[in-house]
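These protein sequence lines map, in sequence, to chains G and F. Using my numbering, you'd call the opening residue of the first sequence number 1 and step up by one each time. Using my numbering, you'd call the opening residue of the second sequence number 461 and step up by one each time. Think of the CB as a built atom: it goes at the ideal place given N, C-alpha and C, for glycine as much as any other residue.
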Amino acid sequence: MSRVWLDVTSILIWMRPAVGVIRTEAEFANYVISSNDERFSFCQFDGVSGFNEVTRETVCAALDRISSNVSINTLPPALTNLPLTTKDKTKKKILDLISLLPISFQPSVIGFILRHVQLLKVILAKLLKIRFFALWLIQKYFAKLAKLQFETTADAVDIPFRKGDVYLSMGADWNHGDLSYLYSLKRQIGFKAVLFCYDIIPIKLPHLTLDWVAERFVRYFCNLAWIADEILCISECSRRDLDGFLNEIGAPVPPMSVVKLGCQLPTMAEITVSAEVQQVLQQRYVLFVSTIERRKNHEVLYRAYIRLVEQGHSNLPLLVFVGMPGWGVNDFLADLNYDPRITGCIKVLNHIADPELRLLYNHAYFTVFPSLYEGWGLPVAESLAAGKFCLASDSASIPEIGGELVEYIDPWDINKWASRLLWYFNNPDEVLKREILIKSSYRPTTWTDTSLEILNALKL
Amino acid sequence: MKPVVLILSTYPFAEPRHGGQVRLANIAQSYQKGGMQVESIAIYQAGGYRLSALGKCDIPFPTTSAYRNYCGTNAALISDLQSGRYGASDDGFKIVKKRLPNKIDVIHVEQPWLWPVAQRIIELPTYAQTRLVLGSQNIEAPLKRQILHSQDYSYADVVSDEIDALEKEACVQADLVFAVTQSDCEVLQNWGGKKVILAENGISPWYADQSKIDEWSKKLPSTPWLLYVASAHPPNYQSFAECLGNSLGCFPPDSRLVIAGSVSDYIQREFSGTRWHTLNSSRLQLLNVLSDQDLAAVKILAHGFLLPITHGGGSNIKTPEALYSGAYVIGSELAFRGFEVYADMAQVRVTRNPTQFHESIREVLAASRRTVSADESDGPQRASLTWDVRLAVIPAAVSEIIRTTEANK
Numbered sequence: 001m002s003r004v005w006l007d008v009t010s011i012l013i014w015m016r017p018a019v020g021v022i023r024t025e026a027e028f029a030n031y032v033i034s035s036n037d038e039r040f041s042f043c044q045f046d047g048v049s050g051f052n053e054v055t056r057e058t059v060c061a062a063l064d065r066i067s068s069n070v071s072i073n074t075l076p077p078a079l080t081n082l083p084l085t086t087k088d089k090t091k092k093k094i095l096d097l098i099s100l101l102p103i104s105f106q107p108s109v110i111g112f113i114l115r116h117v118q119l120l121k122v123i124l125a126k127l128l129k130i131r132f133f134a135l136w137l138i139q140k141y142f143a144k145l146a147k148l149q150f151e152t153t154a155d156a157v158d159i160p161f162r163k164g165d166v167y168l169s170m171g172a173d174w175n176h177g178d179l180s181y182l183y184s185l186k187r188q189i190g191f192k193a194v195l196f197c198y199d200i201i202p203i204k205l206p207h208l209t210l211d212w213v214a215e216r217f218v219r220y221f222c223n224l225a226w227i228a229d230e231i232l233c234i235s236e237c238s239r240r241d242l243d244g245f246l247n248e249i250g251a252p253v254p255p256m257s258v259v260k261l262g263c264q265l266p267t268m269a270e271i272t273v274s275a276e277v278q279q280v281l282q283q284r285y286v287l288f289v290s291t292i293e294r295r296k297n298h299e300v301l302y303r304a305y306i307r308l309v310e311q312g313h314s315n316l317p318l319l320v321f322v323g324m325p326g327w328g329v330n331d332f333l334a335d336l337n338y339d340p341r342i343t344g345c346i347k348v349l350n351h352i353a354d355p356e357l358r359l360l361y362n363h364a365y366f367t368v369f370p371s372l373y374e375g376w377g378l379p380v381a382e383s384l385a386a387g388k389f390c391l392a393s394d395s396a397s398i399p400e401i402g403g404e405l406v407e408y409i410d411p412w413d414i415n416k417w418a419s420r421l422l423w424y425f426n427n428p429d430e431v432l433k434r435e436i437l438i439k440s441s442y443r444p445t446t447w448t449d450t451s452l453e454i455l456n457a458l459k460l
Numbered sequence: 461m462k463p464v465v466l467i468l469s470t471y472p473f474a475e476p477r478h479g480g481q482v483r484l485a486n487i488a489q490s491y492q493k494g495g496m497q498v499e500s501i502a503i504y505q506a507g508g509y510r511l512s513a514l515g516k517c518d519i520p521f522p523t524t525s526a527y528r529n530y531c532g533t534n535a536a537l538i539s540d541l542q543s544g545r546y547g548a549s550d551d552g553f554k555i556v557k558k559r560l561p562n563k564i565d566v567i568h569v570e571q572p573w574l575w576p577v578a579q580r581i582i583e584l585p586t587y588a589q590t591r592l593v594l595g596s597q598n599i600e601a602p603l604k605r606q607i608l609h610s611q612d613y614s615y616a617d618v619v620s621d622e623i624d625a626l627e628k629e630a631c632v633q634a635d636l637v638f639a640v641t642q643s644d645c646e647v648l649q650n651w652g653g654k655k656v657i658l659a660e661n662g663i664s665p666w667y668a669d670q671s672k673i674d675e676w677s678k679k680l681p682s683t684p685w686l687l688y689v690a691s692a693h694p695p696n697y698q699s700f701a702e703c704l705g706n707s708l709g710c711f712p713p714d715s716r717l718v719i720a721g722s723v724s725d726y727i728q729r730e731f732s733g734t735r736w737h738t739l740n741s742s743r744l745q746l747l748n749v750l751s752d753q754d755l756a757a758v759k760i761l762a763h764g765f766l767l768p769i770t771h772g773g774g775s776n777i778k779t780p781e782a783l784y785s786g787a788y789v790i791g792s793e794l795a796f797r798g799f800e801v802y803a804d805m806a807q808v809r810v811t812r813n814p815t816q817f818h819e820s821i822r823e824v825l826a827a828s829r830r831t832v833s834a835d836e837s838d839g840p841q842r843a844s845l846t847w848d849v850r851l852a853v854i855p856a857a858v859s860e861i862i863r864t865t866e867a868n869k
């Protein structure tokens, strides 16, 4: 009997609170296990032995870890609003690395570092001196590994897939996979492959990502097109973008369908709310949930707020940015900290666990989402699911989410953002009317809906 | 006594590598097969060839020669034109004169560059009865203009006009002109060529040892791949990437576009300037210049040949090779100039834009490998591509003008 192999590499590796890709893989794996669907098996890829079968117990353990929503505050909350020094950055990197270790090991590792800090400094200095040699060795190792992967054949190792099986992946394969290898396996064995496209933003807007990310995505999506018998896209916009890109580079264009992602935040019986979040909840605030990076366009809100302040408007609601600072925003974060015009107007919260996020949505005056480009725009869906009105960018996939329930603004138009924010600040009845409409007409996509759509696309 | 043909060229042809040398080597053979004695003088780029590649009478064109100056500058990409100036100058001609055979029935000038040298030879009383033949490889002036303009040389138009005048003069003065395509024939006839004959490019059948084939099959992809073989002649790489939409995404992850010949580095440079350069690098395999044995093995292993030619005159010398292979051939319309009658063969895909190139490449790479015996019906058509068949017209036409000359004595 043919089997469906769900690649769970990403959730097995992931050690931080779930992001969109991880949530999708985890939720579908959870659905398969909960529904006890015997047609499904699980597999994991590693660079040395290729694909291996993974037991349901292993997958369940990973799902438990992800749903427990472990969040390690690597820096005291006060520091999240300050630009980091080199020393702080190094400290943060070390703590990030420690957070990848099993929780039970972490205290003893930190204790060891504190006891031997001087010795470690000397070792670090020596290591830096030989960093080029070390880098060379690492490069040699990976080159050898890549060669091994390319040359590995289905005959050489025990691959669990058989002819007629279906391979399904919705993980971060651009980081954890090797599609050239998967392609050669597929040619040899003859299984069917169903793969995911979240977005092609690094290709479409490479200036908003690191160089190497864009390059990696070009090759990744080209190879994906050669492998996939079907590609599941998370929005019409992503489908359109991918179709255009594949046509441009001359790759084959496999059948594509759209699968909407769920927008439910996990519930937990007991919620621990930090003092910082408690403080926010006591005020009137506008919420923007997103990693802080240039593409998300926090800057337009900052400028709109400045405009309102300079026009003499006071008692503006607190603007709350929930998300991790990403690449290329150091200057922007410094502006937030040092611009006296917006002191007390904007608050950045990092490392917010899902239950706290749910609370923040529920108590928000309304939400904003001025992103320059999206493959989907989950925070808009989350806002609507929480019954909250959202003032959003009109670009890319965002209008697909809420239709007329959301008000759209050109993400570059600062004046428009300033005027519409002010209008809603001064018209709470309108915000309430919008909320009533949302609560009566918006049907949130559940993760079960998403799983059923994926199953439907597999045509089992 | 055998009639004597003196071949004048700007390159030697004892060890042919690029298209022009290959054609000329086969022309020389065709004269010999037609019962004529062949002598040759090449005024070649000093330092450009190893000793074994040179003929006994060949003359180097020194790199420091004053004849390399053009309008006061040491001009690039026109050494062919300057070779003719040097050869016809008093300095150069005194060397040429010493190397002339006692008797010359016909001077075959391959391309117009050394036409001024031929003119000086027939001014000598000994060679007053010698007849002149122009071997055209393409219409040179427009091609040179295109190449020089692409490099932004200030002298592009002045030089091209001079070449145009030289070419027309050679065409009118020649007793016989050989052209490589029908369209070139028409141009040369319109210029006033007395007798213009079509002598198309062809191929020499290739063979490779099984050991070589085994060796190369280990180095090349095990899945179907395509081959492009060319020299570093600018039309062979200019716009190559553009022709393929700047992307090799039409090649599967385990396939490659294999490049052989001195064009390899130029193709890599072409693709490195594209937006999708990392993807493109992952689909390229560069072999550079190979020995005849190695190249034969690579050609035998190719699933198909790619001919994305958008520039250049005459006909592409690699086109008949690709057609003769029996493997798939995917090429631009221009690549089939002079070979239009072969465009309907089952293995040929003529494309007009990047999208058609991509589609054809995907289709061909997914198709089963063709073997020569798989479709015997095109056997005679393929056999007609050999140099022997295509150049047989040359000794016949030259014998005719020799007979006419002797009859008029």
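Note to self: Suppose only complete runs of 4+ residues qualify. What are the alpha helix (DSSP H) ranges in the stretch 407 to 442 of chain G, listed by chain order?
What the structure shows: 414 to 426 and 428 to 441
Notebook entry, point to check: Quick one, which residues of the stretch 815 to 848 of chain F are near chain G if we go by CB-CB under 7 Å, in chain order?
Noted result: 818 and 822
Margin query: Going by DSSP in three states, residue 481/F sits in which element: helix, strand or coil?
Written below: helix
Notebook entry, point to check: Under a three-way DSSP split, which group does residue 193/G fall into?
Noted result: strand
Next item on the list: Starting from the Cα of residue 380/G, find the closest Cα among 47/G, 322/G, 57/G and 289/G and give me that residue.
Entry: 289/G
Note to self: Considering just the uninterrupted stretch of the beta strand (DSSP E) at residue 428/F, what are its terminal residues?
What the structure shows: Nothing can be reported for residue 428/F: it is not among the residues displayed for chain F, which extend from 461 to 869.
Note to self: I want to know whether the stretch 645 to 658 of chain F touches the stretch 670 to 682 of chain F - three or more CB-CB distances under 8 Å.
What the structure shows: no
Margin query: Cutting at 6 Å between CB atoms, please list the residues of its own chain near residue 148/G, excluding the five before and the five after it.
Written below: Confidence is the limiting factor: at residue 148/G the pLDDT is only 48, short of 50, which leaves the residue's position unreliable and the question unanswerable from this model.
Margin query: For a contact defined as C-beta to C-beta under 8 Å, what are the partners of residue 733/F on chain G?
Written below: Neighbours of residue 733/F on chain G: none; closest Cβ ~15 Å, over 8 Å.
Notebook entry, point to check: So what does DSSP say about residue 223/G, is it helix, strand or coil?
Noted result: helix
Margin query: Per the DSSP calculation, residue 782/F is bridged to which residue(s)?
Written below: According to DSSP, residue 782/F bridges with nothing at all.
Next item on the list: Please classify residue 507/F: does DSSP put it in a helix, a strand, or coil?
Entry: coil
Next item on the list: Give the range of the beta strand (DSSP E) segment to which residue 469/F is assigned.
Entry: 464 to 469
Check: For residue 626/F, which of 804/F, 567/F, 544/F and 505/F has the nearest alpha-carbon?
Finding: 544/F
Checklist line | residue 507/F classed as buried or exposed, judged by whether at least 16 other C-beta atoms fall within 10 angstroms | finding: exposed
Next item on the list: Rounded to whole angstroms, what's the CA-CA distance from residue 485/F to residue 633/F? Just pull it up for me.
Entry: 24 Å
Next item on the list: Report back the beta-carbon spacing between residue 317/G and residue 286/G to the nearest angstrom; my notes put them in contact at under 8 Å.
Entry: 5 Å
Margin query: Can you pull the chain F neighbours of residue 183/G, defined as C-beta to C-beta under 7 Å?
Written below: 712, 713 and 714
Next item on the list: Specify the secondary structure class of residue 286/G as computed by DSSP and reduced to three states.
Entry: strand
Item checked: Runs of alpha helix (DSSP H) lying entirely within the stretch 589 to 669 of chain F, each at least 4 residues, in chain order -> 600 to 610, 616 to 633 and 642 to 650
Margin query: Comparing C-alpha positions only, which one of 329/G, 434/G, 457/G and 310/G sits nearest to residue 294/G?
Written below: 329/G
Notebook entry, point to check: Just curious, the beta strand (DSSP E) that residue 811/F is in, first and last residue?
Noted result: 808 to 811
Note to self: Does the stretch 157 to 175 of chain G come into contact with the stretch 37 to 57 of chain G, if we say contact requires no fewer than three beta-carbon pairs (one atom in each stretch) closer than 8 Å?
What the structure shows: yes
Next item on the list: Give the range of the beta strand (DSSP E) segment to which residue 44/G is assigned.
Entry: 40 to 46
Checklist line | Nonlocal neighbours in the same chain, by C-beta distance under 8 Å from residue 469/G, ignoring five residues either side | finding: For residue 469/G there is no data in the structure shown, the boundaries of chain G being 1 and 460.
Notebook entry, point to check: Buried or exposed: where does residue 112/G fall if 16 or more other Cβ atoms within 10 Å of its Cβ makes it buried?
Noted result: exposed
Check: In chain F, which residues lie with their C-beta within 7 Å of the C-beta of residue 169/G?
Finding: Simply none; closest approach about 16 Å.
Next item on the list: Taking 8 Å as the threshold, find out whether the stretch 401 to 408 of chain G comes into contact with the stretch 376 to 393 of chain G through three or more Cβ pairs.
Entry: yes
Margin query: If I follow the unbroken alpha helix (DSSP H) through residue 308/G, where does it start and stop?
Written below: 298 to 310
Notebook entry, point to check: Closest to residue 510/G by CA distance: which of 396/G, 386/G and 457/G is it?
Noted result: This structure cannot settle anything about residue 510/G, because the visible part of chain G is limited to 1 through 460.
Next item on the list: Could you run through the stretch 193 to 224 of chain G and flag, in chain order, every residue whose CB is less than 7 Å away from some CB of chain F?
Entry: 215, 218, 219, 222 and 223
Item checked: Reference residue 195/G; option with closest CA among 210/G, 437/G and 220/G -> 220/G
Notebook entry, point to check: Are there 16 or more other CB atoms within 10 angstroms of the CB of residue 676/F, so buried, or fewer, so exposed?
Noted result: buried
Item checked: CB contact below 8 Å: residue 159/G versus chain F -> no
Check: Expressed to the nearest angstrom, what Euclidean distance is found between the alpha-carbon atoms of residue 31/G and residue 197/G?
Finding: 20 Å
Note to self: Under 8 Å, Cβ to Cβ, is there at least one residue of chain G near residue 739/F?
What the structure shows: yes
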